[in-house]
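Just so you know, the sequences run in chain order A and B.
According to the numbering used here, the residues represented by the first sequence are 579 to 863, in order.
According to the numbering used here, the residues represented by the second sequence are 579 to 863, in order.
Beta carbons: idealized from backbone N, C-alpha and C, even for Gly.
All values reported here derive from a predicted model rather than from experimental measurement.
There are 2 protein chains.
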Amino acid sequence: MTSRIAIQVIKTIKDMRRLRQILHGTIGFVPTMGYLHKGHLSLVKLAQEKNDHVIVSIFINPKQFGPKEDFQTYPRNTKRDLLLLKKANVGIVFLPNVDELYPSGYESYVHVEKVTKKLEGKSRPQHFIGVATVVTKLFNIIQPSHAYFGQKDAQQVIVIKKMVTDLNIPIDIIVGETLRESDGLAMSSRNIFLNDRERKQANIIYKSLRFAQQLFESGEDNTKKIKSKMKNLIHTTLGHVDYISISDPQTLKEVAKIDKMVLVNLVVRFGKTRLIDNIYLKKIK
Amino acid sequence: MTSRIAIQVIKTIKDMRRLRQILHGTIGFVPTMGYLHKGHLSLVKLAQEKNDHVIVSIFINPKQFGPKEDFQTYPRNTKRDLLLLKKANVGIVFLPNVDELYPSGYESYVHVEKVTKKLEGKSRPQHFIGVATVVTKLFNIIQPSHAYFGQKDAQQVIVIKKMVTDLNIPIDIIVGETLRESDGLAMSSRNIFLNDRERKQANIIYKSLRFAQQLFESGEDNTKKIKSKMKNLIHTTLGHVDYISISDPQTLKEVAKIDKMVLVNLVVRFGKTRLIDNIYLKKIK
């Protein structure tokens with residue numbers, strides 16, 4: 579029998595601040611939208627290895643969903659999440675409610691201007707304003723020393739790092755690698771929406787990223803050609819390519835020819851489910 | 579002979595963070611653009627009365643000046659400022675430079691949306707984005723418990739309080755009352771730009787605010803009439819009215835009839851010098 583500390587579930591900002599005041603040492607913070615999977619738990623583990631205390635938040639942030647997006651249907655199961663976190667030995671979970679974070683008359687937002695206009699920002703103009711704003715709010719409430727984000731949402735990581743640098747936020751941003759199912763599909767709370775056939779085919783996303791890597795390693799540096807071949811591969815399935823991007827990892831500007839490290843970002847829809855993944859390409863020698 | 583602690587002048591973010599880490603207890607922060615006057619020093623005094631440490635910053639923030647505004651000519655005298663702060667027993671002065679606060683590629687800004695569209699925001703659309711952004715940055719670098727602002731810039735106070743509330747910034751905002759010259763003119767670094775004749779007439783600004791109060795106290799509640807009479811009074815001088823606003827102190831929406839506390843905001847130009855002042859009107863009984 580292993581001994582476990584009791585889990586504290588904090589639901590108001592006031593209670594969170596009160597608890598925060600008595601915590602000393604380093605605080606690792608893992609912000610999530612719940613419906614936790616092994617990817618989230620790997621971030622929790624990273625946080626536990628490095629910090630005196632770990633705080634996980636569960637908050638589905640309405641401000642980062644567009645009017646036509648899946649805020650209403652985003653999967654929720656707080657009871658299961660709390661059990662998983664308890665099992666993972668997490669001591670503190672912050673579960674704020676929407677009305678307290680965004681009361682009537684709310685009007686302050688954080689804009690990261692250029693890097694948010696690319697990729698996801700093109701089709702989702704408000705998305706990163708919502709992300710940057712809620713992360714700022716949670717940082718101000720939790721006041722962690724370290725905060726943990728998953729590499730799966732590559733652009734989100736880039737936006738948050740840029741915001742933290744630009745606004746001089748005194749927090750270290752740690753990025754955890756993407757966890758994958760045995761067939762390579764990146765773990766995501768949205769995978770639950772795939773039907774059996776879609777789920778079976780969805781590993782084409784990672785396969786096409788690996789294919790890009792093989793092409794690059796065998797000497798192909800023309801990104802147009804790589805994208806075209808990835809697209810052809812994905813279109814052997816039900817998947818619909820939203821975009822394939824091969825870009826500079828800092829600015830997210832598209833590159834025509836790969837002559838330094840690039841980020842390959844890929845969004846594919848299966849039915850109504852929009853799945854995202856990415857890979858870095860760099861010369862090994 | 580009174581004993582004085584040595585003044586520490588910190589010029590880089592790194593040095594400021596290093597010093598901040600060894601400060602314990604409450605920190606009172608007074609952000610300024612330099613060219614200090616008694617108004618600033620009254621904020622310093624308020625901060626000293628309440629905090630274990632006081633940090634004053636001097637930084638003329640280019641982002642809050644429009645392209646046609648007076649960033650280049652804004653008065654500067656750091657040597658004199660440091661002498662005044664030393665005399666006021668301030669231990670720590672933060673003097674960052676523009677290139678470190680806004681390096682090449684800078685792209686993150688804080689927007690407070692509605693309340694910044696009124697009054698000053700109408701003619702200066704970028705002004706409060708610049709203010710909110712630099713205050714956020716300085717707050718993140720200094721990490722004070724209390725921050726001090728002057729009531730003279732009433733809308734600035736409202737914007738910063740709204741930002742602090744909305745973004746859950748863990749800092750108490752304290753507002754110091756407007757200090758005035760013996761003739762009533764609000765103290766301001768920009769008063770130096772007035773020539774003798776303008777300076778003599780500039781007390782019309784406060785006189786007109788007091789006049790509004792008298793009108794209100796003798797039963798006038800129609801803001802159109804009050805504004806008109808204020809304007810007539812000001813136009814007996816060289817002063818040019820930029821705007822007179824009588825508004826709700828939270829939303830800054832104009833009110834037609836005064837039936838609760840209102841904020842009277844006034845901007846008058848004398849030559850090229852733009853002067854601002856304000857007064858609250860409320861029923862005494």
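Exercise for the section: Would you identify the three-state DSSP class for A:Lys-739, choosing helix, strand or coil? Expected result: helix
Practice task
State yes or no: is the beta carbon of B:Thr-711 nearer than 9 Å to at least one beta carbon in chain A?
Solution key: yes
Practice task
Out of B:Ser-620, B:Gly-617 and B:His-631, point me to the one whose CA is closest to B:Gly-603's CA.
Solution key: B:His-631
Problem - Alpha carbon of A:Ile-752 to alpha carbon of A:Lys-739, nearest angstrom - result: 9 Å
Practice task
Enumerate in chain order the residues of its own chain whose CB-to-CB distance from B:Asp-820 is below 8 Å, with the five nearest sequence positions on each side excluded.
Solution key: Ser-701, Val-845, Val-846, Arg-847 and Arg-852
Exercise for the section: Just confirm the distance between the C-beta atoms of B:Ala-764 and B:Leu-859, as a whole number of angstroms; I'd bet it's less than 8 Å. Expected result: With a Cβ gap of about 17 Å, B:Ala-764 and B:Leu-859 do not count as contacting.
Practice task
Whole angstroms is fine: what's the gap from B:Ile-605's alpha carbon to B:Lys-641's?
Solution key: 26 Å
Problem - Cross-strand partners of A:Lys-835 (DSSP beta bridge) - result: A:Asn-800
Problem - Short-range partners of chain A found in the region 607 to 620 of chain B, where Cβ spacing is below 8 Å - result: none
Practice task
Rank A:Lys-730, A:Val-842 and A:Leu-816 by C-alpha distance to the C-alpha of A:Glu-776 and give the top, closest one.
Solution key: A:Leu-816
Exercise for the section: For the region 652 to 710 of chain B, list the alpha helix (DSSP H) runs that are entirely contained and at least 4 residues long, ordered along the chain. Expected result: 656 to 665, 676 to 679 and 698 to 701
Problem - A:Asn-856 - partner residues in DSSP beta bridges - result: A:Asn-843
Handout entry: Endpoints, alpha helix (DSSP H) assigned at A:Gly-617
Key = 616 to 628
Exercise for the section: Kindly list the residues whose CB is nearer than 7 Å to the CB of A:Asp-805, restricted to its own chain and excluding five residues on each side of it in sequence; keep chain order. Expected result: Just to set this straight, residue 805 of chain A is Lys in the shown sequence, not Asp. The residues are Ile-822 and Ile-824.
Problem - Contact belief for B:Phe-607 with B:Ile-720 at Cβ below 8 Å, rounded distance in angstroms - result: 5 Å
Handout entry: Neighbour flag for B:Ile-736 against chain A, beta carbons, 9 Å
Key = no
Handout entry: Backbone CA spacing between A:Leu-716 and B:Asp-826 [nearest angstrom]
Key = 30 Å
Practice task
Please classify B:Ile-857: is it buried, with 16 or more other beta-carbons within 10 angstroms of its beta-carbon, or exposed?
Solution key: buried
Problem - Reduced DSSP secondary structure (H/G/I, E/B, other) of B:Tyr-821 - result: strand
Handout entry: CB contact flag (B:Lys-803, B:Leu-793, <9 Å)
Key = yes
Exercise for the section: Please list the residues of the region 736 to 754 of chain A that have a C-beta atom closer than 7 Å to any C-beta atom in chain B, keeping them in chain order. Expected result: Lys-740, Met-741, Asp-744, Leu-745, Asn-746, Ile-747 and Pro-748
Exercise for the section: Report yes or no: do three or more beta-carbon pairs, one from the region 641 to 656 of chain B and one from the region 701 to 711 of chain B, lie closer than 8 Å? Expected result: yes
Problem - Beta carbon of A:Glu-685 nearer than 9 Å to that of B:Glu-691 - result: yes
Exercise for the section: Output, in sequence order along the chain, the residues in the region 632 to 644 of chain B whose CB is closer than 7 Å to any CB in chain A. Expected result: none
Problem - Cβ-based contacts, 9 Å cut-off: residues of the region 677 to 696 of chain A near chain B - result: Leu-679, Tyr-680, Pro-681, Gly-683, Tyr-684, Glu-685, Ser-686, Tyr-687, Val-688, His-689, Val-690, Glu-691, Lys-692, Val-693 and Thr-694
Problem - Contacting residues, own chain, Cβ-Cβ under 8 Å from A:Lys-623 (five flanking each side not counted) - result: Ala-666
Handout entry: Sufficient close CB pairs (3 or more, under 8 Å) joining the region 662 to 676 of chain A to the region 587 to 596 of chain A
Key = yes
Handout entry: Contact residues within the region 716 to 731 of chain A, judged by C-beta distance below 7 Å to chain B
Key = Asn-718, Ile-719 and Gln-721
Practice task
Use the C-beta contact count for A:Pro-681: other C-beta atoms within 10 angstroms, 16 or more gives buried, fewer gives exposed.
Solution key: exposed
Practice task
Measure the alpha-carbon distance for B:Leu-841 versus B:Lys-696 and round it to whole angstroms.
Solution key: 13 Å
Problem - Neighbour flag for A:Arg-777 against chain B, beta carbons, 9 Å - result: no
Practice task
Could you tell me which chain B residues have their CB closer than 7 Å to the CB of A:Thr-714, listed as they occur along the chain?
Solution key: Leu-745
Exercise for the section: Measure from the C-beta of B:Arg-847 to each C-beta in chain A and report whether the shortest distance is under 9 Å. Expected result: no
Practice task
Quickly, what does DSSP pair B:His-631 with across the bridge? List them, please.
Solution key: B:Ile-605
Handout entry: Minimum Cβ-Cβ distance from B:Ile-783 to chain A less than 9 Å
Key = no
Handout entry: For A:Val-742, the nearest candidate out of A:Thr-714, A:Ser-766, A:Leu-757 and A:Gln-733 (CA to CA)
Key = A:Thr-714
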